[in-house]
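Some notes on the structure that comes next.
2 protein chains.
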Amino acid sequence: MTESKLYNLLSAHGITVAPYKSIAFDEKPEIDFFPAALKIESPKVVHKSEYGAVKLNIASNEQLQAAKAEIIKNVESRGVKLDASDRFIATKMMRGEELYFGMVNDDVFGKTILFGKGGVLLELYKDVGYISLDAEREEIGRALRSTKISKLLDNFRGLGFSIDGAVDFVVKLQEFIRKNPTVSEMDINPVLLTSEGLIAVDARVTFDDKADVKTRARGRSNFFDNRRVAVIGASSDPSKVGYAIAKNALNFKGEAYFVNARGGELFGKKLYKSVPELPNDVDAAVISIPGKFILQTLEELVDKNVKNVMVISAGFKEVGDLEGEQKLIDLVNKHNLNMIGPNCLGYYKGEDSLNLTFGSNNVLDGDIAVVSQSGAVLAALMDKAFQYKIGFSHIVSVGNMADLDFGDLIGMLESDPKCKAISLYVEGMSNGKTFLEAARRCKKPIYVFKTGRSNESKAAAFSHTGNLSGNYEMFKGLLESAGCIMLDNIEALIFRPALAKAKNILIITNAGGPASILTDYIVDHGKSLYKLTDENIRVLDAALPFNWPKANPVDIIGDAMSDRYEKTLEITQEFDGVDLIYVVVTPQFMTDGDKIAELLLRKWKKPVIPVMLGGSDLQKGFDLLKNNGVLSFDTLKGATELL
Amino acid sequence: MTESKLYNLLSAHGITVAPYKSIAFDEKPEIDFFPAALKIESPKVVHKSEYGAVKLNIASNEQLQAAKAEIIKNVESRGVKLDASDRFIATKMMRGEELYFGMVNDDVFGKTILFGKGGVLLELYKDVGYISLDAEREEIGRALRSTKISKLLDNFRGLGFSIDGAVDFVVKLQEFIRKNPTVSEMDINPVLLTSEGLIAVDARVTFDDKADVKTRARGRSNFFDNRRVAVIGASSDPSKVGYAIAKNALNFKGEAYFVNARGGELFGKKLYKSVPELPNDVDAAVISIPGKFILQTLEELVDKNVKNVMVISAGFKEVGDLEGEQKLIDLVNKHNLNMIGPNCLGYYKGEDSLNLTFGSNNVLDGDIAVVSQSGAVLAALMDKAFQYKIGFSHIVSVGNMADLDFGDLIGMLESDPKCKAISLYVEGMSNGKTFLEAARRCKKPIYVFKTGRSNESKAAAFSHTGNLSGNYEMFKGLLESAGCIMLDNIEALIFRPALAKAKNILIITNAGGPASILTDYIVDHGKSLYKLTDENIRVLDAALPFNWPKANPVDIIGDAMSDRYEKTLEITQEFDGVDLIYVVVTPQFMTDGDKIAELLLRKWKKPVIPVMLGGSDLQKGFDLLKNNGVLSFDTLKGATELL
């Protein structure tokens with residue numbers, strides 16, 4: 210497509226382009242916009258500048274006519290014969306900050322608009338915002354604001370530009386892309402930010418017939434709604450996964466049936482020899498049997514009206530058996546089942562005391578839902594959660610994620626009142642649009658940790674679940690604009706929901722240096738230090754040595770022992786507006802670390818996080834706290850990483 | 210200074226400026242460079258654009274003459290009467306990437322050149338390089354390369370620009386600044402990157418008489434060279450600091466004298482009643498007595514030929530007593546003493562078994578020197594170091610740093626062969642130039658952690674030692690260009706020296722997901738995963754289940770128990786090129802965490818860092834490792850933070 214045709218097309222969709230005029234080979238050019246640039250438009254001349262076929266700073270129509278003649282001379286002197294099929298384009302040369310708008314057709318998220326600083330700096334600063342084709346104005350605004358360059362749009366230095374104008378521009382681009390479905394890639398670079406708004410001054414579009422990613426829409430029953438469940442492959446051999454699942458399933462408030470070809474009993478319950486023997490109307494089945502029996506078993510389960518299945522068994526896509534996995538998918542689709550797995554740990558629902566995992570049975574009922582693509586990460590988080598008394602409303606191990614994926618599950622969790630926050634451990638996904646749709650609709654906070662940021666770990670993740678991780682920056686940008694909260698460590702998936710509300714933090718410390726370091730980290734995490742009121746200072750003054758600094762961090766001085774920590778904690782617990790208290794203990798001359806640790810075991814009204822900053826001297830106190838399930842740390846950086 | 214005078218000045222120092230011509234009020238302007246801009250140069254017109262006193266895109270001398278007439282009309286129509294004292298300046302309008310060069314006179318580092326992207330983006334991206342006025346070419350190059358925009362200079366896309374040209378430009382700026390000592394601030398914005406090199410097209414310089422920071426040069430004896438030391442304020446009261454110091458000093462290989470006005474004995478040694486009673490030729494004294502006695506005591510110590518003193522006592526600048534601290538400084542300077550403190554923890558020298566601190570006596574001899582502005586941070590690091598069997602060649606607590614500072618100490622540590630790495634905990638400093646000079650000369654690695662990055666923590670640090678922290682970005686930039694290594698957590702000060710050499714890392718894991726996360730963090734820290742050779746794979750194949758992924762991370766599969774960990778560790782220990790091995794343990798169905806921990810206690814040839822990724826299930830094993838001094842972690846992020 211020639212530049213002038215493209216300008217026509219963009220203009221037709223309301224996108225302002227610089228004034229331009231297409232000029233025929235034999236035409237005497239006349240324009241009314243200066244300064245101008247003149248370029249040839251001919252398939253015979255690809256590298257225009259090298260052929261002397263671009264003229265800049267044209268100030269009058271005389272200069273324009275001369276420039277045209279010169280271009281013809283330059284090109285023909287290089288042996289290219291021009292004729293009436295060749296044209297020229299004159300464009301107005303404009304000044305303004307150079308921005309970039311583009312589009313790619315991503316395998317996971319489909320057609321996605323990119324925004325950033327234009328020109329070569331796009332590549333240097335990688336300051337890019339990603340905008341879903343389905344994003345509405347508010348989400349577009351968030352995506353634009355995720356870039357540093359967007360500050361220019363936000364009435365920077367009173368220049369009068371507004372984010373609104375840029376949102377309009379994106380909305381028009383979305384429309385242009387929707388109406389021209391063969392557009393596969395686009396670069397409008399630069400778009401100039403001028404006093405008359407955003408003006409496209411150079412554009413390149415490529416076309417192909419690769420379709421945009423579609424959102425999936427299959428009517429599904431709720432995966433979490435199960436009264437009668439069957440454990441297929443329940444085993445009396447404690448070294449078998451089927452044993453652990455059956456044992457965990459015993460607490461279920463509904464009916465659990467165990468199936469094993471050998472028959473007999475397990476945990477005092479009957480072992481059905483086959484699925485056909487089961488009563489009718491089994492809601493869900495967890496399957497832990499050799500791969501070759503799975504399809505047959507699924508067919509039999511369908512006859513029992515099963516809706517939801519968990520395939521624990523591995524040996525599919527993750528070891529290269531794409532065909533086997535596809536057969537599973539086809540069967541699931543045919544019968545409109547919900548499936549998690551294959552190659553998964555199972556699922557847990559707190560309200561029903563239903564633990565259909567082969568993970569630990571040390572799980573508490575609570576209000577966080579976790580969905581994980583890694584069974585091991587899930588196991589580690591469950592183990593840690595139990596230690597710190599954190600409970601779950603739902604735990605889902607999606608394994609290879611052949612059927613139910615994050616998007617589907619978010620939708621189901623959204624409607625469950627027991628779930629207050631959704632935490633996702635993501636390695637890769639294939640239905641990005643479905644995910645974003647679900648995230649947009651979800652009113653609950655969605656926390657996301659994604660691995661596969663580096664090329665090295667992408668390779669590792671692929672060999673693990675067979676899911677290819679995409680571009681992390683795009684993933685992060687799109688999810689954040691759709692309202693998700695991205696985390697940079699997995700522990701935050703279980704701790705952040707409770708800590709998210711802590712905005713104003715107070716530090717109690719026996720040393721200034723560590724408190725100052727902690728303050729830096731707190732600020733890094735977007736939190737603030739609570740500012741002591743005059744009244745706060747008055748109360749503390751009565752309890753502390755004269756030389757405490759009368760500010761937060763509340764430095765109770767190096768000779769503080771547990772009694773002074775206690776008094777200070779009791780006083781500061783009552784400060785309105787303090788959401789969270791860090792207690793920093795450094796091993797000073799008289800510090801009684803063990804006693805301070807005991808004090809910190811007490812149930813305090815506000816959340817209190819101890820930081821025992823040392824090694825051997827404070828180890829005993831630190832161990833005491835951890836072993837009693839008090840979230841505590843021995844490094845300052847670690848102490849803030851869950852914020 | 211008018212723009213044309215400034216251009217003259219810059220040109221005279223070899224700095225290329227855009228072609229320009231200064232034009233008198235009555236002169237008929239003629240130039241030979243187009244397109245040009247014309248501006249008024251008159252103290253009566255400050256806001257030139259608003260007064261219509263700037264004309265752009267002038268293409269001919271006729272247009273120039275018209276532009277001049279128009280400017281006069283515009284300005285006079287706003288009621289400003291122009292006369293023969295007013296002038297004009299015509300400059301060539303040029304195109305090129307806009308860069309920024311500037312200079313500030315910093316309180317800590319003195320005159321410092323700034324480099325970055327020019328125009329408004331300087332403010333948005335904060336992509337700034339900081340260049341010391343004393344930096345030579347190599348250091349200038351490092352400073353330039355610390356910015357993202359510098360890639361444009363480094364033959365970006367074959368454009369032919371070179372860092373060398375920019376270094377030349379900076380060298381000329383340094384010369385300009387040195388020869389014009391009243392230049393107090395400078396902005397050359399933009400400097401255009403053109404095919405003819407760097408061309409300054411707009412500049413602003415301010416002048417004042419504030420002198421540049423000077424480097425301090427006082428001949429000093431070596432603070433660490435002590436055979437006979439005195440503990441002033443040695444106390445028999447175990448709750449007193451003077452007791453701890455005396456006790457710690459007992460191991461000293463030289464002579465230690467104790468002084469206490471009450472006389473008697475302490476730890477079987479005589480307590481001298483006063484300094485005059487001491488033998489002559491005491492090299493060093495550590496002073497822990499009330500502030501009012503200190504000056505007198507110091508004078509008495511001078512009579513004993515003391516060279517080095519440590520003032521432990523607090524109550525000086527950090528509580529607002531600037532006068533008291535100045536008296537101390539004056540006395541120290543008068544007698545050419547070395548002093549650390551006041552308000553410090555003391556010092557330790559491994560080779561001499563000399564512990565003159567009131568910190569722990571659990572300190573091992575080793576090869577890391579630590580200098581800290583916070584006694585509590587130091588105490589925490591010493592405690593941790595002891596737990597993990599890390600030894601120190603020197604430990605210095607500088608307290609208020611009234612005399613000996615980081616720069617002085619680096620110089621002394623540089624010349625001590627027992628010290629292999631220098632780690633600094635910095636809150637603030639006043640002699641930035643001295644520091645940079647010492648860092649440049651030092652051949653040993655210098656690791657630096659600095660607090661006071663945020664405004665909140667700057668305030669906290671100030672109330673702590675009375676040292677004001679400067680701009681962190683400038684601090685980091687200048688130190689890195691001078692060869693220092695900046696850290697982002699204090700524990701790295703003691704662990705990094707040993708881990709710095711680990712470039713190629715191998716991961717052994719029983720789960721893919723966590724290994725993929727760990728890989729991301731490893732890459733974040735600039736390290737790489739070791740690539741298995743065919744031979745490596747062959748050997749591992751014989752020991753591992755068929756479905757291990759045949760790559761690093763070496764996933765030994767979820768059913769791995771301690772025997773498989775053991776075999777894999779034994780095999781991978783022998784891989785040439787592996788510098789460090791992470792062993793990731795997740796709590797899977799059959800994981801025997803305690804046994805794996807026992808295995809990891811073994812002395813392995815290569816450094817092995819266990820990551821016990823869970824909570825209660827792996828707690829026992831994790832505790833076992835920590836209590837036996839094996840550096841180990843229970844989070845993936847924490848596990849890489851020392852790299």
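Just so you know, the protein sequences line up as chains H and V, in that order.
Each residue of the first sequence is one higher than the one before, starting from 210 at the first, in the working numbering.
Each residue of the second sequence is one higher than the one before, starting from 210 at the first, in the working numbering.
Note that CB positions come from ideal geometry on N, CA and C, so glycine has one too.
At a beta-carbon threshold of 7 Å, none of the residues of chain H lie near residue 253(V); the nearest stands roughly 25 Å away.
Residue 705(V) counts as buried, since at least 16 other C-beta atoms from the protein chains shown sit within 10 angstroms of its C-beta. Under the Cβ criterion of 7 Å, residue 797(H) is counted among the residues facing chain V. The DSSP-derived three-state label of residue 283(V) is helix.
Counting only residues of its own chain and dropping the five nearest sequence neighbours on each side, residue 323(V) has a CB closer than 8 Å to the CB of 309, 310, 311, 312, 313, 337, 338, 339 and 340.
Per the coordinates, the alpha-carbon of residue 279(V) lies some 20 Å from the alpha-carbon of residue 241(V). Within the segment 581 to 613 of chain H, those residues whose Cβ lies closer than 9 Å to any Cβ of chain V are, in chain order, 581, 582, 583, 584, 585, 586, 587, 588, 589, 590, 591, 592, 593, 594, 595, 596 and 597. Close partners of residue 723(V) in chain H (Cβ separation under 9 Å): 583, 585, 586, 589, 660 and 699. By the 16-neighbour rule on beta-carbons within 10 angstroms, residue 389(V) is exposed. Uninterrupted beta strand (DSSP E) stretches at least 3 residues long and entirely within the segment 273 to 335 of chain H occur at 296 to 301, 306 to 315 and 319 to 326, given in chain order. For the pair of segments examined, the segment 226 to 243 of chain V was found to touch the segment 293 to 304 of chain V: the number of CB pairs separated by less than 8 Å reaches three.
Interface annotation, residue 756(V): in contact with chain H, CB-CB separation under 7 Å.
At a cut-off of 7 Å between beta-carbon atoms, residue 385(H) makes no contact with chain V. With respect to chain V, the C-beta atom of residue 561(H) has no partner C-beta closer than 7 Å. The beta carbon of residue 404(V) is closer than 6 Å to none in its chain, skipping five residues each way along the sequence. Around the beta carbon of residue 742(V), fewer than 16 other beta carbons sit within 10 angstroms, so the residue counts as exposed. Distance from residue 765(V) to residue 719(V) at the Cβ level is roughly 6 Å; contact confirmed, criterion being Cβ atoms closer than 8 Å.
The residues 390, in chain order, have a CB closer than 8 Å to that of residue 420(V) in the same chain once the five nearest residues on each side in sequence are set aside. In this structure, the CA atom of residue 416(H) is about 25 Å from the CA atom of residue 375(H). For residue 604(V), the enclosing beta strand (DSSP E) has its first and last residue at 600 to 606. At a cut-off of 7 Å between beta-carbon atoms, residue 726(H) makes contact with chain V.
From the listed residues 468(H), 266(H), 325(H) and 568(H), the smallest Cα separation to residue 398(H) is found for 325(H). Under a 10 Å Cβ-count criterion, residue 558(V) is classified as buried, with 16 or more other Cβ atoms of the shown protein chains found around its own Cβ. Its Cα nearest to that of residue 448(V), the residue 800(H) stands out among 813(H), 800(H) and 809(H). In the three-state reduction of the DSSP assignment, residue 555(V) falls in the strand class, which pools E and B. With respect to chain H, the C-beta atom of residue 456(V) has no partner C-beta closer than 7 Å.
Annotated three-state conformation of residue 257(V) is coil, per DSSP. Burial state of residue 758(V) is buried, judged by a 10 Å Cβ sphere holding 16 or more other Cβ atoms.
Assigned with DSSP and collapsed to three states, residue 225(H) falls in coil, not helix or strand. The straight-line gap separating the alpha-carbon atoms of residue 300(V) and residue 407(V) is approximately 16 Å. Between the segment 615 to 632 of chain V and the segment 576 to 583 of chain V, the count of C-beta pairs closer than 8 Å reaches three or more; the two stretches touch.
The C-beta of residue 665(H) comes closer than 7 Å to at least one C-beta of chain V. DSSP, reduced to helix, strand and coil, places residue 450(H) within a helical segment of the structure shown. Neighbours of residue 244(H) across chain V, judged by C-beta separation under 7 Å: 266. For the beta strand (DSSP E) assignment, the uninterrupted runs of no fewer than 3 residues enclosed by the segment 528 to 588 of chain V are, from N- to C-terminal side, 547 to 549, 555 to 558, 563 to 566 and 573 to 581.
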